[in-house]
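A.B. asks: Counting the sequence shown from 1 gives a position; our numbering is that position plus 73. We treat Cβ as the ideally placed atom computed from N, Cα and C, and that holds for glycine.
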Amino acid sequence: MALMRSMLLAASQNVWLRDHAVQFPFVRRSVSRFMPGETLTEALTAARNLQQKKIGTVFTHLGENVTDRDEAREVAEHYLEVLDHIHQANLPTEISVKLTQLGLDLSADFCFENLERIIQREKRDSIVWVDMEASNYVDATLDIYRRALNNQPNVGICLQAYLYRTKKDLEGLLPQRPSVRLVKGAYKEPVAIAFPKKADVDENYFALAQMMLRARSTGTCVRAAFGTHDVPLIRRLGDFVSQHGFSKSEFEVQMLYGIQRAEQERLARDGCRSIVLVAYGTYWYPWFVRRLAERPANLWFMLRNIFSS
Ligand SMILES: Cc1cc2nc3c(=O)[nH]c(=O)nc-3n(C[C@H](O)[C@H](O)[C@H](O)COP(=O)(O)OP(=O)(O)OC[C@H]3O[C@@H](n4cnc5c(N)ncnc54)[C@H](O)[C@@H]3O)c2cc1C
74 MALMRSMLLA
84 ASQNVWLRDH
94 AVQFPFVRRS
104 VSRFMPGETL
114 TEALTAARNL
124 QQKKIGTVFT
134 HLGENVTDRD
144 EAREVAEHYL
154 EVLDHIHQAN
164 LPTEISVKLT
174 QLGLDLSADF
184 CFENLERIIQ
194 REKRDSIVWV
204 DMEASNYVDA
214 TLDIYRRALN
224 NQPNVGICLQ
234 AYLYRTKKDL
244 EGLLPQRPSV
254 RLVKGAYKEP
264 VAIAFPKKAD
274 VDENYFALAQ
284 MMLRARSTGT
294 CVRAAFGTHD
304 VPLIRRLGDF
314 VSQHGFSKSE
324 FEVQMLYGIQ
334 RAEQERLARD
344 GCRSIVLVAY
354 GTYWYPWFVR
364 RLAERPANLW
374 FMLRNIFSS
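#1: Are there three or more Cβ pairs, one per stretch, closer than 8 angstroms when the region 108–116 is compared with the region 352–366?
#2: Comparing C-alpha positions only, which one of VAL139, TYR218, PHE183, HIS317 sits nearest to MET284?
#3: By Cβ distance, which residues of its chain are closer than 8 angstroms to SER322, with the 5 residues on each side in sequence left out?
#4: Excluding the 5 residues preceding and the 5 following GLU338 in the sequence, name in chain order all residues of the same chain whose CB lies nearer than 8 angstroms to its CB.
#5: Rounded to whole angstroms, how far is the Cβ of ARG254 from the Cβ of GLY292, which I believe are closer than 8 angstroms?
#6: Alpha carbon to alpha carbon, how far is GLU325 from ILE307? Give it in angstroms, no decimals.
#7: Can LYS241 be considered in contact with ligand 1, in the sense that its beta carbon sits closer than 6 angstroms to one or more heavy atoms?
#8: Is CYS184 helix, strand or coil by DSSP?
#9: Does the distance from the CB of GLU167 to the CB of SER199 come in under 7 angstroms?
#10: Between the beta-carbon of ASP204 and the beta-carbon of SER169, is there less than 7 angstroms?
#11: Report the rounded CA-to-CA distance for PHE374 versus PRO248, giving the unit in angstroms.
#12: Using CA atoms only, rank isn't needed, just tell me which of ILE159, GLN174, LEU222, GLN161 is closest to ASP143.
#13: Between LEU81 and ALA267, is the Cβ-Cβ spacing less than 7 angstroms?
#14: With a CB to CB cut of under 8 angstroms and the five nearest residues on each side skipped, what residues in its chain are close to ARG101?
#15: With a threshold of 8 angstroms on Cβ separation, who are the neighbours of ASN187 within its own chain once the five nearest residues in sequence on each side are excluded?
#16: Quick check on the DSSP output: what are the complete alpha helix (DSSP H) runs of length 4 or more inside the region 128–190, in order along the chain?
#17: I want to check one thing, is the minimum distance from the CB of GLN193 to the heavy atoms of ligand 1 below 6 angstroms?
#18: What are the uninterrupted segments assigned as beta strand (DSSP E) that are 3 or more residues long and contained completely in the region 269–293, given in chain order?
#19: With a threshold of 6 angstroms, establish whether the CB of GLN233 neighbours any heavy atom of ligand 1.
#20: For ARG289 and ALA282, what's the separation of their Cα atoms in angstroms?
#21: Going by beta-carbon coordinates alone, are LEU286 and ALA297 separated by less than 7 angstroms?
#22: With 16 other CB atoms within 10 Å as the buried threshold, where does HIS134 fall?
#23: Going by beta carbon distance, what residues of the same chain come within less than 7 angstroms of THR140, once the five residues before and after it are set aside?
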């Protein structure tokens with residue numbers, strides 16, 4: 074399983090596969106399990122449908138490692154339009170951005186300016202989430218996040234439980250009253266910096282989640298969101314939340330579109346904050362292959378699509 078995960082994560086970086094695999098109909102059919110479509114209109118329709126089930130949404134326009142300034146500016150412009158659409162439609166939808174899509178590889182200051190424009194357009198009571206990418210971007214991402222949070226409170230950061238450093242990073246952020254989305258981590262990282270065993274990642278996740286919730290109860294962590302589909306872990310966190318006197322609406326779980334739908338709906342029915350991340354756009358290949366790596370059984374699902382019409 075670990076070997077398969079490594080191979081898939083290597084494939085997610087492969088340029089030849091990125092350019093060719095996306096053209097196969099069975100690959101396109103498979104990705105539709107994780108995305109309602111490539112367009113913003115399809116994402117908005119999905120958000121409306123989820124809203125009827127009391128499920129909120131976070132939109133992300135797929136793309137990463139942009140190396141052209143105009144293209145990075147266009148991404149920022151796109152997000153400004155998305156926010157206008159969301160506000161006009163009065164949807165319970167936030168956005169999540171990747172800093173390398175906003176020009177981090179070009180210049181940290183340029184990337185920061187793009188991020189600032191987006192945060193300024195967002196409502197004060199909604200969060201602009203910043204994704205966490207591969208480990209070589211963590212320092213730069215945290216620097217930009219701290220700068221942004223200094224100016225405006227409505228920005229949140231994703232932290233990855235598989236990294237040894239994350240406990241220190243979280244402790245370092247708390248004095249600034251961050252909003253945090255905790256995930257396990259989706260990239261291929263060496264054992265020198267990340268827990269190689271899933272059981273250790275899960276335990277670290279639970280420990281970090283408790284830190285976040287304790288900080289939430291004192292107002293030091295403004296939003297504590299748990300980005301995971303791990304149902305036993307969600308139940309464990311739910312027990313912790315109820316034992317420590319939090320209201321159900323303070324328990325926030327974020328999942329990806331199309332994964333663990335029944336659990337998303339159960340959380341919403343129970344009065345918890347259930348949120349689905351809706352990805353859209355044409356640059357889906359690396360993101361999709363990371364989804365395959367998270368659960369190699371998805372590969373069989375994709376291969377079955379070769380034979381379906
Ligand atoms: C809202 C959200 C935002 C995220 N943002 C980031 C980010 O910014 N940076 C980052 O590195 N990672 C991000 N991730 C991905 C995350 O790091 C994990 O790779 C991913 O969530 C899988 O881990 P898990 O917590 O679901 O637990 P796992 O232990 O991997 O999975 C638990 C169970 O969930 C189900 N499951 C998990 N993944 C899949 C899948 N792809 N297909 C089908 N079933 C699946 C399976 O039943 C599995 O047994 C994000 C995830 C979410 C939900």
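C.D. replies: Looking at the atomic coordinates:
#1: Output reads yes: the region 352–366 touches the region 108–116.
#2: Here residue 284 refers to the residue found at position 211 when the sequence shown is read from its first residue. When each option's Cα is compared against that of MET284, the closest is HIS317.
#3: By one-based count along the sequence shown, residue 322 stands at place 249. Contacts found: GLY344, CYS345, ARG346.
#4: Sequence index remark: in the sequence shown, residue 338 carries index 265 (1-based). Contacts found: LYS126, ILE128, SER347.
#5: Residue mapping note: residue 254 aligns to position 181 of the sequence shown, counting from 1. Residue mapping note: residue 292 aligns to position 219 of the sequence shown, counting from 1. ARG254 to GLY292, Cβ: 18 angstroms. No contact.
#6: By 1-based counting over the sequence shown, the position of residue 307 is 234. By 1-based counting over the sequence shown, the position of residue 325 is 252. Roughly 10 angstroms between the two C-alpha positions.
#7: Indexing the sequence shown from 1 puts residue 241 at position 168. No.
#8: To locate residue 184, count along the sequence shown from 1; it is residue 111. Residue state, collapsed to three classes: helix.
#9: For the purposes of this step, residue 167 is identified with residue 94 of the sequence shown, where counting begins at 1. For the purposes of this step, residue 199 is identified with residue 126 of the sequence shown, where counting begins at 1. Yes, these two residues count as a Cβ contact at 7 angstroms.
#10: Stepping through the sequence shown from its first residue, residue 204 is reached at position 131. Stepping through the sequence shown from its first residue, residue 169 is reached at position 96. Going by C-beta atoms, ASP204 is nearer than 7 angstroms to SER169.
#11: For the purposes of this step, residue 374 is taken as residue 301 along the sequence shown, with counting starting at 1. For the purposes of this step, residue 248 is taken as residue 175 along the sequence shown, with counting starting at 1. Their backbone Cα atoms lie some 45 angstroms apart in a straight line.
#12: For the purposes of this step, residue 143 is identified with residue 70 of the sequence shown, where counting begins at 1. Nearest C-alpha to ASP143: GLN174.
#13: As a working mapping, residue 81 is identified with position 8 in the sequence shown. As a working mapping, residue 267 is identified with position 194 in the sequence shown. In this structure, ALA267 does not lie closer than 7 angstroms to LEU81 by Cβ.
#14: Residue numbering aside, residue 101 sits at position 28 when the sequence shown is read from its first letter. Answer for ARG101: VAL95, listed in chain order.
#15: Here residue 187 corresponds to residue number 114 of the sequence shown, with the count starting at 1. Around ASN187: ALA145, ARG146, VAL148, ALA149, LEU175, GLY176.
#16: If we require 4 residues or more, the alpha helix (DSSP H) runs fully inside the region 128–190 come out as 142–162.
#17: The residue given as residue 193 occupies position 120 in the sequence shown. For ligand 1, not one heavy atom lies less than 6 angstroms from the Cβ of GLN193.
#18: none
#19: Translated into the one-based positions of the sequence shown, residue 233 becomes position 160. Between ligand 1 and the CB of GLN233, the shortest heavy atom gap is smaller than 6 angstroms.
#20: Here residue 289 is taken as the residue at index 216 of the sequence shown, counted from 1. Here residue 282 is taken as the residue at index 209 of the sequence shown, counted from 1. Cα to Cα, ARG289 sits roughly 10 angstroms from ALA282.
#21: In the sequence shown, the residue the question calls residue 286 occupies position 213. In the sequence shown, the residue the question calls residue 297 occupies position 224. The answer is yes: Cβ separation under 7 angstroms.
#22: If you number the sequence shown from 1, residue 134 lands on position 61. Burial call: buried.
#23: Residue 140 sits at position 67 when you count from the first residue of the sequence shown. Here the set comprises ASP178, LEU179.
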